[in-house]
Every structure is written in structure tokens, then in C-alpha cells.
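Trainee: Quick note on numbering: the sequence shown equals residues 4 to 142 in the working numbering.
C-beta atoms are modelled at their ideal positions from N, C-alpha and C, and glycine is treated no differently.
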Amino acid sequence: ALLEGAAAREFAERASDAHVAALRGALVVVEQSENDSDALLNAKDAFYRVLFEGAGNTTIRQIIESLQARVAVLRASSLRAPNRPKQSVVEIRAIVEAIERRDAEAAADAASYHVRQASHTLFTQIGGEAAPAAEHLDA
4 ALLEGAAARE FAERASDAHV AALRGALVVV EQSENDSDAL LNAKDAFYRV LFEGAGNTTI
64 RQIIESLQAR VAVLRASSLR APNRPKQSVV EIRAIVEAIE RRDAEAAADA ASYHVRQASH
124 TLFTQIGGEA APAAEHLDA
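#1: Excluding sequence positions up to five away, which residues of its chain have a Cβ less than 6 Å from the Cβ of Ser115?
#2: Can you tell which of Leu70, Asn45, His117 has its C-alpha closest to the C-alpha of Ile95?
#3: Three or more beta-carbon pairs under 8 Å between the stretch 121 to 131 and the stretch 26 to 36, yes or no?
#4: Enumerate in chain order the residues of its own chain whose CB-to-CB distance from Arg87 is below 7 Å, with the five nearest sequence positions on each side excluded.
#5: Could you give the DSSP three-state label for Ser91: helix, strand or coil?
#6: Determine the closest residue to Asp39 out of Leu77, Arg83, Asp112, Ala110, with distance taken between C-alpha atoms.
#7: Nearest-angstrom Cα distance between Ile98 and Glu108?
#8: Reducing DSSP to helix, strand and coil, say where Ala25 ends up.
#9: Within its chain, find whatever has a CB closer than 8 Å to the CB of Gly57; leave out the 5 residues flanking it on each side and keep chain order.
#10: Run the CB neighbour count on Ala121, radius 10 Å, all protein chains shown included, and call it buried at 16 or more, exposed below.
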């Protein structure tokens with residue numbers, strides 16, 4: 004959650020208007036993909052590519068890219084939960100809206116919240132015992 008939050012903060016602070024427009028476009032694709040899990044996974048991947056590029060932080064981008072295979076599996080698993088795709092779209096929309104306002108802190112909070120919610124959903128799906136520990140780590 005920390006990396007995504009930092010990327011959203013830096014995007015809000017640094018991204019060009021063209022990057023913001025590209026992020027809004029990526030959100031539209033996410034919204035349109037809500038009912039198709041494969042399309043939603045691809046749309047979220049594209050959304051995060053735009054986010055990390057616009058943030059302009061190569062360190063964050065390299066770390067996330069090195070974790071991408073694991074992140075993709077975890078993202079796919081969490082999106083299988085009932086109502087999670089719809090909630091994920093709402094959370095991503097909150098990130099974009101904060102960025103469009105150039106509210107770096109709100110963007111960071113929204114991105115961190117999104118990752119925490121996805122983690123919570125995943126841990127709940129695999130037994131729930133790890134969820135409290137995960138929330139503690141991200142708090």
C-alpha cells in the first residue's frame with residue numbers, strides 16, 4: 004500500500020495534464036470492464052502503468068515491476084470475491100478524482116485504501132486469519 008500511495012501522491016504533484024487525461028482514460032476502461040474479470044485485470048494493469056509512469060519515480064516503478072507477477076495473482080484472486088470488482092472500481096475512481104484535484108494527500112490515501120481493501124478481501128478469502136495482521140502492517 005505504501006508504494007501505490009507514494010506513486011499516487013507523486014502523480015498528483017508531478018504528472019502533466021496529458022498524464023492526468025491518460026489516467027482518466029484508463030479509469031474509463033476500468034469502469035467498462037467491471038463485469039468481465041479478465042478485462043478488468045487487464046484494465047487495472049494499464050491503469051497502474053499510467054499511474055507509475057506519470058509519478059515519474061523510477062525506484063517505485065522498478066520495485067512494482069519486479070513484484071508484478073505476484074501482484075497479478077493476488078489481484079486476480081481478490082477480484083473473485085463477491086462485490087469486489089464493483090468496489091475496486093469505486094476505489095480507483097476515488098484515486099483519479101483526487102489526482103484530478105491535484106490533492107496529493109487524498110490521492111495517496113485513496114491508493115493506500117484500495118490496496119488495503121484488496122489485501123483484506125484476499126486474506127478473508129483464504130481464511131481470514133491473516134487479515135488483522137495485514138491491516139496492522141498498513142495502518
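Mentor: This is what the structure gives:
#1: Correct list, in chain order: Ala4, Gly8.
#2: Looking at Leu70, Asn45, His117, the one whose alpha-carbon comes closest to that of Ile95 is His117.
#3: No, they do not touch.
#4: Correct list, in chain order: Ser81, Thr124.
#5: It is helical.
#6: Checked all of Leu77, Arg83, Asp112, Ala110; the closest Cα to Asp39 is Arg83.
#7: Per the coordinates, the alpha-carbon of Ile98 lies some 10 Å from the alpha-carbon of Glu108.
#8: In this structure, Ala25 counts as helix in the three-state DSSP scheme.
#9: Phe14, Arg17, Ala18, Ser19, His22, Val23, Ala25, Leu26, listed in sequence order.
#10: Buried, because 16 or more other Cβ atoms sit within 10 Å of the Cβ of Ala121.
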